[in-house]
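Worksheet: the structure to be examined is printed underneath.
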Amino acid sequence: MFYGLASGRVKIPGVVIEHVMADIQTLNERALQAELEVTAISAHALAHVGGKYWIMRTGASMGEGYGPIIVSQKLSRPAELVGKRIGTPGKWTTANLLLKIFHPEVQNVDMPFDHIIAAVQAGEVDAGLLIHEGQINYQQFGLHKLVDYGEIWRAHSGGLPLPLGLDVVRRDLGEEMARRLSQGLRDSIAYGYQHQEEAIPYALQFGRGIDEKLGEKFVKMYVNEVTIDMGERGQRALALLYDLADQRKLIPTKPEVVLY
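Each residue of the sequence shown is one higher than the last, beginning at 933 in our numbering.
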């Protein structure tokens, strides 16, 4: 998504971009402190930042039938998850929110997302909630899938995309700058989408050891038309997620789903 800006192929006149690379839980925690002017953030975390950011209409990670999954080595059916210890990838991730919405009867064990597979293999937890590349390479580690939140969400929402990550802009920058930054990011995503032969190798530098084939598969799962502009479908999906969370008292406030 950021290849156009990172490579200098796309520029925002009068704006200097400093790229900050970090895992999503770290970015969520920094967003809670409003440290970054523009940041990726979990859709879940946005409900906890106290209205400090606006949602950008571009840059969202939304799964069209894809989403976080629960895997195990020893459990064989979803019903066996009741009361079990589940390795989870961070308190503020949307994956963790989905777990609380649809499987509230489990015991959450928070840990870095890239430790979860090893924890399941070692028997430290009964199952693991996987995000990122773990969703596509878990079988290499002798694990099998019990739950697919992409499938659950598609059935529950009537076919809406599953909102996982957002790009947001800090409100103190003002509406004009927010729209300029959003347009610049949109141009960057469009450039990467149109020049995948350049953008995917760049993205694989941050892919934590996955090969080109799996990396390309993962990128195409979550960089799609909704990423360029989430539009009305994306807005409805976000609103539904926050409604479900609010009904279960899992978030302090429902964020206003207004796009910039």
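In this text, a Cβ means the ideal position worked out from N, Cα and C, and glycines have one as well.
In DSSP terms, what residue i is bridged to
i	result
D1042	T1020
S993	G1097
V1079	I1002
L1061	I1002
S1114	Partner(s): none; S1114 has no beta bridge.
V970	V1101
L1191	I987
Cut-off 6 Å between Cβ atoms - residues of its own chain near residue i, not counting five sequence neighbours on either side
i	result
K1032	L1182
Q957	G1022
R1017	Q1039, V1041, V1057, D1058
G997	G1082, R1086
Q1067	I1001
L937	I949, S1120
T1026	S974, A975, H976, L1096
Distance CB(residue i)-CB(residue j) smaller than 8 Å
i	j	result
L1094	A1169	yes
N960	S974	yes
Y1192	S1120	no
V1057	W986	no
L1013	V1038	yes
Y935	A1131	yes
L1136	A1059	no
L968	V952	yes
P1187	L978	yes
G999	D1080	yes
W1024	H1088	no
A966	G1097	no
A1051	G1015	no
M1109	M994	no
L1062	V1003	yes
G991	M1043	no
D955	F1045	yes
Y1134	V1155	no
Q1005	Q1053	yes
M988	L1105	no
Reduced DSSP category for residue i - H, G, I as helix; E, B as strand; rest coil
i	result
Y985	strand
L1173	helix
L1029	helix
L1196	The structure shown does not extend to residue 1196, since the chain spans only 933 to 1192, so no value can be given for it.
H951	coil
T1185	coil
N1156	coil
G1054	Going by the sequence as given, residue 1054 is Ala instead of Gly. DSSP places A1054 in coil when its eight states are reduced to three.
A979	coil
K1145	helix
M1162	coil
H1047	helix
F1034	helix
G940	coil
F934	coil
P945	coil
H1127	coil
G1066	helix
Q1072	helix
L964	helix
L1136	helix
L959	helix
Chain-order list of residues whose beta-carbon lies under 7 Å from that of residue i (same chain, five-residue window excluded)
i	result
R1103	K984, Y985, W986
L1194	Residue 1194 falls outside the range modelled here, since the chain spans only 933 to 1192, and no answer is possible.
R941	Y1123
P1010	L1078, V1079
Near the ligand NAP: residue i beta-carbon under 7 Å from a heavy atom
i	result
L1173	This structure does not include the ligand NAP; it has no bound ligands of any sort.
Close Cβ partners of residue i (< 8 Å) along its chain, the five nearest in sequence each way excluded
i	result
R1111	Y1192
>> Counting beta carbon pairs with one atom in the segment 1070 to 1086 and one in the segment 1022 to 1037, are three or more of them shorter than 8 Å?
In response: Enough Cβ pairs lie closer than 8 Å, so yes.
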